[in-house]
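Residue numbers (the working numbering): 49 to 166.
We put the beta carbon where it would ideally sit given N, CA and C, even for glycine.
Note that the coordinates shown come from a computational prediction; the quantities given were computed from them, not determined experimentally.
Accompanying notes for the structure given below.
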C-alpha cells in the first residue's frame, strides 16, 4: 500500500488526495439526491479555511517567538554595554556603581552636595 521509503510530503499529499476524492464522491452522492451544488461544497470550503487558519496561526506564533528572541538579545546586549562602559558618570543614575543617586565625575554625591553641579 505505502512504501516506507517514500517522501513524507508525498505520503501526506496522497492521504490528502484520498480524503478529497472521498469528499468529492460524497458531494456527487448528495447532488444526486437533489441537494444544490453550492450546499455540498460548504464542508470543502470550511476545510480550506481551517487549513489557512492553522497556517496563519503558525506564522503568528513564529513571528511572536522571533520578536521575543530579538527583545531578549537587545536586552542582553544593553546590559553588557552598561557593564563594560568606563565613562565617568555625571547626573542621576538609577544603576550607578554605588547604587542609585547623583554622580559627579564618577563619584556619588549626597543630597547635601548640590553645589557640585554646574
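Rounded separation between residue 69 and residue 88 - CA only = Counted from its first residue, the chain shown places residue 69 at position 21. Counted from its first residue, the chain shown places residue 88 at position 40. Separation of residue 69 and residue 88 (C-alpha to C-alpha, rounded to the nearest whole angstrom) is 14 Å.
By DSSP, does residue 147 sit in helix, in strand, or in coil?
-> For the purposes of this step, residue 147 is taken as residue 99 along the chain shown, with counting starting at 1. Coil at residue 147, not helix or strand.
Using DSSP bridges, identify the partner residues of residue 156.
-> Along the chain shown, one-based indexing puts residue 156 at 108. 151, per the DSSP bridge assignment.
Using the C-alpha atoms, what's the distance from residue 101 back to residue 109?
-> Working through the chain shown from its first residue, we reach residue 109 at position 61. Working through the chain shown from its first residue, we reach residue 101 at position 53. Looking at the two C-alpha atoms, the distance is approximately 12 Å.
Proximity to residue 67 [Cα-Cα], best of 95, 147, 156 and 103 | The residue given as residue 67 occupies position 19 in the chain shown. Considering only 95, 147, 156 and 103, the residue with the shortest C-alpha distance to residue 67 is 95.
The ligand COA heavy atoms versus the CB of residue 155: any closer than 7 Å?
-> Here there are no bound small molecules, and the ligand COA is not part of this structure.
Alpha carbon of residue 55 to alpha carbon of residue 76, nearest angstrom | Reading the chain shown from its first residue, position 7 is the one you call residue 55. Reading the chain shown from its first residue, position 28 is the one you call residue 76. Straight-line Cα distance between these residues: approximately 32 Å.
Buried or exposed: where does residue 167 fall if 16 or more other Cβ atoms within 10 Å of its Cβ makes it buried?
-> In the structure as shown, the chain begins at 49 and stops at 166. Residue 167 is therefore absent and cannot be evaluated.
If I'm right that residue 92 touches residue 120 with Cβ under 8 Å, what's the distance once you round it to whole angstroms?
-> Looking up residue 92 in the chain shown gives position 44. Looking up residue 120 in the chain shown gives position 72. With a Cβ gap of about 43 Å, residue 92 and residue 120 do not count as contacting.
What are the boundary residues of the alpha helix (DSSP H) that residue 41 is part of?
-> Residue 41 is absent from the structure shown; the chain starts at 49 and stops at 166.
Taking only the alpha-carbon atoms, compute the straight-line gap between residue 106 and residue 99 and give it to the nearest angstrom.
-> Mapped onto the chain shown, residue 106 falls at position 58. Mapped onto the chain shown, residue 99 falls at position 51. Rounded to the nearest angstrom, the two C-alpha atoms are 11 Å apart.
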